[in-house]
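Engineer: For the protein sequence lines, the chains are V and R, in the order given. So the first sequence is residues 6 to 252, counted in this note's numbering. So the second sequence is residues 6 to 252, counted in this note's numbering. Glycine residues also receive a C-beta, built at the ideal position from the N, C-alpha and C atoms. I'd like to ask you about the structure that follows.
2 protein chains.
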Amino acid sequence: MEWSIQEIARLVGTTSRTLRHYDDMGLLKPSRMGSNGYRYYDQAALVRLQRILLLRELGLGLPAIAGVLDGQRETSKALMTHLKWLRQEQERLARQIASVETTIRKTEEGEQLMAEEILDGFDNSQYEEEVVNRWGRAAYDHSNRKWATLSKEQQRDLMVEQERVARALAEASVRGDDVASDEVQQLVRRHYTWVSFFWTPNREAYIHLGEMYVADPRFTANYDKHAPGAAAYLRDAMRVFAERNLD
Amino acid sequence: MEWSIQEIARLVGTTSRTLRHYDDMGLLKPSRMGSNGYRYYDQAALVRLQRILLLRELGLGLPAIAGVLDGQRETSKALMTHLKWLRQEQERLARQIASVETTIRKTEEGEQLMAEEILDGFDNSQYEEEVVNRWGRAAYDHSNRKWATLSKEQQRDLMVEQERVARALAEASVRGDDVASDEVQQLVRRHYTWVSFFWTPNREAYIHLGEMYVADPRFTANYDKHAPGAAAYLRDAMRVFAERNLD
DNA sequence: CTTGACCTTCACGCAACGTCAACCTGTACC
DNA sequence: GGTACAGGTTGACGTTGCGTGAAGGTCAAG
């Protein structure tokens with residue numbers, strides 16, 4: 006028994022294009038080629054094709070399938086490797102789903118909309134993970150609630166203040182001012198006051214916050230956009246401030 | 006403040022290639038182009054870039070991101086659509102993981118190895134889902150245990166018998182024999198006997214099995230490989246047999 | 001002037017085919 | 001023999017989001 010390319014495609018539920026593809030890449034050769042160039046497949050080819058499709062349904066890539074079918078790789082080993090990859094993918098998806106859900110919830114609460122209008126460039130909701138991971142959900146929720154109670158004008162004022170402080174600090178860093186100087190420490194005090202509106206950090210937390218500005222590229226970008234190195238400069242200034250003024 | 010392509014790439018943690026890509030596709034244009042062709046980005050561009058990367062981390066495609074950023078699509082709607090897609094992907098992955106685990110278990114029990122040697126073309130383990138779904142796990146396990154107790158010679162004999170019956174039925178269908186004829190019904194009896202080795206179907210189940218041979222392309226392929234239409238022919242013959250001989 | 005870092009524009013590569021396009025073959029019917 | 005129609009063939013581009021050279025111009029420093 007022998008079949009044309011269409012017949013065998015229908016038989017196993019695939020397309021002739023796929024079979025030609027498998028031929029081209031050497032995964033499944035026709036058992037015979039007609040003098041007219043037509044491809045013909047026999048029962049052995051059918052069996053091989055069915056195994057190919059079985060492994061394909063499991064998500065294996067075609068090169069991996071070829072390795073298994075040609076006896077180069079053990080079936081179970083290939084599947085174990087594949088399984089690990091699948092599990093990782095699933096975890097990644099789970100994290101992504103959680104993030105998207107959070108983001109949706111926030112946009113529905115209008116938070117993101119405000120962010121779009123006002124907070125662009127320093128969207129506090131964007132950093133939920135960091136805040137929550139390091140200082141707990143309570144602080145974060147508190148911070149959010151406080152933010153939500155504000156009028157748009159008040160929110161804008163806060164953002165403007167943040168921008169001013171950041172810019173002034175950047176300028177100080179460009180001038181090379183000592184981070185311990187009165188002027189710089191005065192700017193840091195304004196920064197601390199600004200932060201305190203959302204959440205009151207102790208010495209350790211405030212120092213930690215400064216480190217985060219440098220460690221997390223998203224924060225870094227938001228300070229370095231005023232001047233390169235501004236984030237690191239702010240971190241140093243914050244440390245001095247914390248050690249002098251906080252417990 | 007203005008940055009070169011490398012600077013802004015490092016600032017947000019991406020590559021200059023990516024930024025050129027976004028430029029090419031119109032997702033993020035540089036704020037200014039130098040007379041030398043260099044790309045320069047200002048703060049507004051930085052903000053837009055950060056939003057792009059935020060959405061990208063959520064898994065949105067670049068065209069979708071463009072739609073959101075240009076205000077053509079609502080953020081939350083885009084995210085909802087995306088979330089549905091993510092959930093479907095996760096389910097698909099879960100199913101695939103289950104399948105791979107099952108397959109690994111079977112290969113480790115040596116079942117698949119035998120299948121590779123003997124059962125190719127009618128691998129009973131390949132159809133676990135159908136069998137389990139329609140007649141319960143007990144029947145399937147019983148069937149598997151029985152198979153496992155056999156010697157390789159016995160297994161081979163059973164497969165040979167199945168092939169003989171299938172081939173003879175295909176020939177009868179080609180000749181156009183009546184499915185109710187004695188000869189054909191004799192062949193069906195051999196088929197029933199063969200099936201009964203694994204599992205004893207009643208009238209309804211046996212008729213159902215015949216229907217499955219036609220409905221499921223994988224079964225169909227295994228009978229039609231002897232002759233086109235053989236699966237449908239067998240189904241008809243099985244129905245006659247069941248109605249005459251089974252309860 | 002050289003070096004080295006950075007910039008530019010092509011353009012292929014990846015995974016697994018889908019989808020034309022342009023052109024033969026085989027079979028059936030008149 | 002002609003005609004129609006289904007089915008076969010070989011290219012070759014499109015898809016997603018960049019990575020990765022290739023080949024060559026630009027800029028600041030020594």
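1) So, with DSSP's three-state summary, where would you put V:Y43?
2) Any C-beta of chain V sitting closer than 8 angstroms to the C-beta of R:I102?
3) For a cutoff of 8 angstroms on Cβ pairs, would you count R:E106 as touching chain V?
4) From R:V179, R:P206, R:A171, pick the residue whose C-alpha is nearest to that of R:Q191; which is it?
5) Near R:E121, what residues of its chain come up, given a Cβ to Cβ distance below 7 angstroms and the 5 sequence neighbours on each side ignored?
6) Please return the same chain residues whose Cβ sits closer than 7 angstroms to the Cβ of V:A71, not counting the five positions on each side in sequence.
7) Any beta carbon of chain V sitting closer than 8 angstroms to that of R:V17?
8) For a cutoff of 8 angstroms on Cβ pairs, would you count V:D29 as touching chain R?
9) Does chain R have any CB closer than 8 angstroms to the CB of V:H87?
10) So what does DSSP say about V:W8, is it helix, strand or coil?
11) May I ask you to report which of helix, strand or coil DSSP gives V:R78?
12) If we cut at 8 angstroms on Cβ distances, does V:A14 have a partner in chain R?
13) Can you tell me which of R:P35, R:R194, R:S156, R:L155 puts its alpha carbon nearest to the alpha carbon of R:Q167?
14) Using the rule of at least 16 other Cβ atoms within 10 Å of the residue's Cβ for burial, across every protein chain shown, is V:A103 buried or exposed?
15) Of the choices R:W8, R:D47, R:R15, R:L58, whose alpha-carbon is the least far from that of R:Y27?
16) What is the DSSP secondary structure of R:M30, counted as helix, strand or coil?
17) Against chain R, does V:K34 count as a neighbour if the rule is that its beta carbon must be under 8 angstroms from one of theirs?
18) Note down the Cα distance separating R:Q77 from V:R44, rounded to an integer number of angstroms.
19) Where R:A247 and R:L214 are concerned, what is the direct C-alpha to C-alpha distance, given to the nearest angstrom?
20) Could one say the Cβ of V:I10 lies closer than 8 angstroms to chain R's Cβ atoms, at least one of them?
21) Does R:P222 get closer than 8 angstroms to chain V when you measure Cβ to Cβ?
22) Which runs of the alpha helix (DSSP H) fall wholly inside the region 156-236 of chain V and span at least 4 residues, in chain order?
23) Which two residues bound the contiguous alpha helix (DSSP H) that contains R:E62?
24) Taking Cβ positions only, does R:E166 come closer than 8 angstroms to chain V?
25) Return the CA-CA distance between R:A253 and R:V105, expressed in angstroms with no decimal places.
26) Answer with yes or no whether the minimum CB distance from R:S178 to chain V is below 8 angstroms.
27) Can you tell me the Cβ-Cβ gap for R:T112 and V:T80, rounded? I've got them flagged as a contact below 8 angstroms.
28) What's the call for R:K151, buried or exposed, on a 16-neighbour Cβ count within 10 Å?
29) Exposed or buried, what is R:P35 when buried is set at 16 or more other beta-carbons lying within 10 Å of its beta-carbon?
30) Are the C-beta of R:E114 and some C-beta of chain V separated by less than 8 angstroms?
31) Could you pull the DSSP bridge partners for V:R37 from this structure?
32) Using the Cβ count rule (16 or more neighbours within 10 Å means buried), how would you classify R:T108?
33) Tell me whether V:L24 sits in a helix, a strand or coil according to DSSP, three-state version.
34) What does a CB cutoff of less than 7 angstroms around R:L251 pick up in its chain, not counting 5 residues either side in sequence?
35) Where R:V52 and V:T225 are concerned, what is the direct C-alpha to C-alpha distance, given to the nearest angstrom?
36) Identify, in the order they occur along the chain, each residue of the same chain with its Cβ nearer than 8 angstroms to the Cβ of V:L163, setting aside the five sequence neighbours on each side.
Structural biologist: So, from the data block:
1) Taking the first residue of the first sequence as 1, we reach residue 43 of chain V at position 38. DSSP places V:Y43 outside both helix and strand once states are collapsed to three, so it counts as coil.
2) Here residue 102 of chain R corresponds to residue number 97 of the second sequence, with the count starting at 1. Yes, because at least one Cβ of chain V sits closer than 8 angstroms to the Cβ of R:I102.
3) As a first step, residue 106 of chain R is located in the second sequence; it is residue number 101 there, counting from the start. True, the Cβ-Cβ gap to chain V drops below 8 angstroms.
4) By 1-based counting over the second sequence, the position of residue 191 of chain R is 186. Selected option, being the one with the closest Cα: R:A171.
5) The residue given as residue 121 of chain R occupies position 116 in the second sequence. Because the pLDDT of R:E121 is 40, which lies under 50, any placement of that residue in the model is unreliable, and the question is left without a value.
6) If you number the first sequence from 1, residue 71 of chain V lands on position 66. So the qualifying residues of the chain are L32.
7) Numbered from its first residue, the second sequence carries residue 17 of chain R at position 12. Closer than 8 angstroms: yes.
8) In the first sequence, the residue the question calls residue 29 of chain V occupies position 24. No, its Cβ sits nowhere closer than 8 angstroms to a Cβ of chain R.
9) To locate residue 87 of chain V, count along the first sequence from 1; it is residue 82. True, the Cβ-Cβ gap to chain R drops below 8 angstroms.
10) As a working note, residue 8 of chain V is residue 3 in the first sequence. Of the three classes helix, strand and coil, the one that applies to V:W8 here is strand, per DSSP.
11) Locating residue 78 of chain V in the first sequence gives position 73, counting from the first residue. Coil.
12) If you number the first sequence from 1, residue 14 of chain V lands on position 9. V:A14 does not count as touching chain R.
13) Position 162 of the second sequence, counted from the first residue, corresponds to residue 167 of chain R. Minimum Cα distance to R:Q167 is reached at R:R194.
14) Taking the first residue of the first sequence as position 1, residue 103 of chain V is located at position 98. V:A103 should be labelled exposed.
15) Numbered from its first residue, the second sequence carries residue 27 of chain R at position 22. When each option's Cα is compared against that of R:Y27, the closest is R:L58.
16) As a working note, residue 30 of chain R is residue 25 in the second sequence. In this structure, R:M30 counts as coil in the three-state DSSP scheme.
17) The sequence position of residue 34 of chain V within the first sequence is 29, counting from 1. By this cut-off, V:K34 is not an interface position.
18) Position 72 of the second sequence, counting from 1, holds the residue named residue 77 of chain R. Position 39 of the first sequence, counting from 1, holds the residue named residue 44 of chain V. Answer to the nearest angstrom: the Cα atoms are 50 angstroms apart.
19) Mapped onto the second sequence, residue 247 of chain R falls at position 242. Mapped onto the second sequence, residue 214 of chain R falls at position 209. Answer to the nearest angstrom: the Cα atoms are 11 angstroms apart.
20) The residue labelled residue 10 of chain V in the question sits at position 5 within the first sequence. For V:I10, the answer is no, since every Cβ of chain R falls outside 8 angstroms of its Cβ.
21) Numbered from 1 along the second sequence, position 217 holds the residue referred to as residue 222 of chain R. Cβ-Cβ to chain V under 8 angstroms: yes for R:P222.
22) 157-180, 187-203, 208-220, 222-229
23) As a working mapping, residue 62 of chain R is identified with position 57 in the second sequence. Where R:E62 is concerned, the enclosing alpha helix (DSSP H) stretches over 48-62.
24) For the purposes of this step, residue 166 of chain R is identified with residue 161 of the second sequence, where counting begins at 1. It does not; no Cβ of chain V falls within 8 angstroms.
25) Nothing can be reported for residue 253 of chain R: it is not among the residues displayed for chain R, which extend from 6 to 252.
26) Within the second sequence, residue 178 of chain R is the residue found at index 173, counting from 1. Chain V, which has no Cβ nearer than 8 angstroms to the Cβ of R:S178, makes this no.
27) Numbered from 1 along the second sequence, position 107 holds the residue referred to as residue 112 of chain R. Numbered from 1 along the first sequence, position 75 holds the residue referred to as residue 80 of chain V. R:T112 to V:T80, Cβ: 5 angstroms. Contact.
28) Position 146 of the second sequence, counted from the start, is the residue given in the question as residue 151 of chain R. By the neighbour-count rule (16 or more Cβ atoms within 10 Å), R:K151 is not buried but exposed.
29) As a working note, residue 35 of chain R is residue 30 in the second sequence. Looking at its Cβ environment, which holds 16 or more other Cβ atoms inside 10 Å, R:P35 is buried.
30) Here residue 114 of chain R refers to the residue found at position 109 of the second sequence. Closer than 8 angstroms: no.
31) Position 32 of the first sequence, counted from the start, is the residue given in the question as residue 37 of chain V. Note: V:R37 sits in a beta bridge opposite V:Y45.
32) Looking up residue 108 of chain R in the second sequence gives position 103. So R:T108 counts as buried.
33) Counting from one through the first sequence, the residue named residue 24 of chain V turns up at place 19. V:L24 falls in the helix class under three-state DSSP.
34) Mapped onto the second sequence, residue 251 of chain R falls at position 246. The residues are N207, R208, Y211.
35) Translated into positions along the second sequence, residue 52 of chain R becomes position 47. Translated into positions along the first sequence, residue 225 of chain V becomes position 220. Taking the straight line from one Cα to the other gives about 13 angstroms.
36) Taking the first sequence and counting its residues from 1, one reaches residue 163 of chain V at position 158. The residues are L155, W199, F202.
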